[in-house]
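Each residue of the sequence shown is one higher than the one before, counting from 1 in UniProt numbering.
Note that CB positions come from ideal geometry on N, CA and C, so glycine has one too.
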Amino acid sequence: MKSTIKLGIIAFGLICVSACSPVKVYTEKNDFVEQKSYRTFAILNEVKGKAAFNSPIMEERLQNHLIAGMEKRGFHYNADAPDLIIRYNTDVQQNQRVVYPSYGGWGMWNPWMWGMPMAPEVRNYDQGEVIIDFIDPHIDRVIMRATAVGTVNNPDQKQKKINTAVEKILKEFSTKLEVNA
1 MKSTIKLGII AFGLICVSAC SPVKVYTEKN DFVEQKSYRT FAILNEVKGK AAFNSPIMEE
61 RLQNHLIAGM EKRGFHYNAD APDLIIRYNT DVQQNQRVVY PSYGGWGMWN PWMWGMPMAP
121 EVRNYDQGEV IIDFIDPHID RVIMRATAVG TVNNPDQKQK KINTAVEKIL KEFSTKLEVN
181 A
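Written out as structure tokens, the structure reads:
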């Protein structure tokens with residue numbers, strides 16, 4: 001009996017932790033890619049003249065984090081003759097979500113104890129998106145596209161979420177290279 005309760009608590013904890021992830025990453029991988037050893041890379045903004053999240057500071061930080069992350073994985077930056085091109089784009093869209101009030105007490109509602117139920121509330125939030133394409137310039141083909149999505153309401157947390165998104169995307173890319181090697 002005690003082991004069943006412990007197992008239930010652990011499962012609930014894992015569900016909560018996975019549901020609370022601030023950034024979700026979705027990938028599209030090209031199934032047929034020649035096994036190739038990539039050593040150098042270059043970074044390119046997909047939309048010329050448009051800074052990441054409409055901020056030159058965020059643009060510079062995103063590029064620096066991409067460079068640092070790739071160099072940490074053993075790649076070298078070479079803008080003149082890269083083996084791999086990393087092309088990125090960012091977008092922010094305003095969305096809405098409906099938030100239902102909680103009435104307290106383990107999901108039970110007692111109208112005599114808590115009063116009249118409250119109406120659901122509509123809240124606005126900004127959804128940020130970072131899209132990164134990994135392109136083999138020699139065959140002019142996208143070998144992987146990764147999209148990271150998360151809320152970016154708090155300006156103080158925006159950079160942290162961008163860094164998390166880049167790390168998750170680069171981890172997915174590293175995994176893809178290891179599988180194809």
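(request) Classify GLY49 as buried or exposed, calling it buried when 16 or more other Cβ atoms lie within 10 Å of its own Cβ. (result) Mapped onto the sequence shown, residue 49 falls at position 49. Counting of Cβ neighbours within 10 angstroms places GLY49 among the exposed residues, the total staying below 16.
(message) Are the CB atoms of PRO82 and PHE134 within a distance shorter than 8 Å?
(response) Translated into the one-based positions of the sequence shown, residue 134 becomes position 134. Translated into the one-based positions of the sequence shown, residue 82 becomes position 82. With respect to PRO82, PHE134 sits apart: the two C-beta atoms are not nearer than 8 Å.
(message) Starting from ASN154, trace the beta strand (DSSP E) in both directions and tell me its first and last residue.
(response) Here residue 154 refers to the residue found at position 154 when the sequence shown is read from its first residue. Following the DSSP letters along the chain, one finds ASN154 in no beta strand (DSSP E), marked with neither H nor E.
(message) Only counting the same chain, and skipping five residues up and downstream in sequence, which positions put a Cβ closer than 8 Å to that of ILE86?
(response) Counted from its first residue, the sequence shown places residue 86 at position 86. Only PHE41, ALA42, ILE43, LEU44, LEU66, MET70, ILE132, ASP133, PHE134 and ILE135 meet the Cβ criterion.
(request) Taking ARG61 as part of the beta strand (DSSP E), name the residues at either end of that continuous run. (result) On the sequence shown, position 61 is the one that residue 61 refers to. Going by DSSP, ARG61 is part of no beta strand (DSSP E) but of the alpha helix (DSSP H) stretching over 56-72.
(request) Would you decide whether TYR88 is buried or exposed? Buried here means 16 or more other CB atoms lie within 10 Å of its CB. (result) Taking the first residue of the sequence shown as position 1, residue 88 is located at position 88. Here TYR88 is buried, its C-beta having at least 16 other C-beta atoms within 10 Å.
(message) Along the chain, where does the beta strand (DSSP E) containing GLU45 start, and where does it finish?
(response) As a position in the sequence shown, residue 45 is number 45, starting the count at 1. Reading the sequence as shown, one finds Asn at residue 45 and not Glu. Here the beta strand (DSSP E) through ASN45 covers 40-45.
(request) Under 8 Å by Cβ, that's how I've got VAL92 and VAL152 pegged, so tell me the actual separation to the nearest angstrom. (result) One-based indexing of the sequence shown puts residue 92 at position 92. One-based indexing of the sequence shown puts residue 152 at position 152. Confirmed, about 6 Å.
(message) Less than 8 Å between the C-beta atoms of VAL149 and GLU167, yes or no?
(response) Counted from its first residue, the sequence shown places residue 149 at position 149. Counted from its first residue, the sequence shown places residue 167 at position 167. Their beta carbons are not under 8 Å apart, which means VAL149 does not touch GLU167 by this criterion.
(request) Could you tell me whether the Cβ atoms of ILE162 and ALA146 are closer together than 8 Å? (result) Translated into the one-based positions of the sequence shown, residue 162 becomes position 162. Translated into the one-based positions of the sequence shown, residue 146 becomes position 146. It is not a contact, given that the beta carbons lie outside the stated cut-off.
(request) For GLU28, write down the residues that DSSP places opposite it in a beta bridge. (result) What you label residue 28 is simply residue 28 of the sequence shown in a count that begins at 1. Answer by DSSP bridge pairing, in chain order: ARG145.
(request) Decide if VAL25 is buried, meaning its Cβ has at least 16 other Cβ atoms within 10 Å, or exposed. (result) In the sequence shown, the residue the question calls residue 25 occupies position 25. Per the 10 Å Cβ criterion, buried.
(message) The beta strand (DSSP E) that contains TYR88, what's its start and end?
(response) Translated into the one-based positions of the sequence shown, residue 88 becomes position 88. Residues 84-99.
(message) Using the three-state DSSP reduction, which class does ILE131 fall into: helix, strand or coil?
(response) Locating residue 131 in the sequence shown gives position 131, counting from the first residue. Note: ILE131 maps to strand in three-state DSSP.
(message) Just list the residues that DSSP pairs HIS76 with in beta bridges.
(response) By 1-based counting over the sequence shown, the position of residue 76 is 76. THR40.
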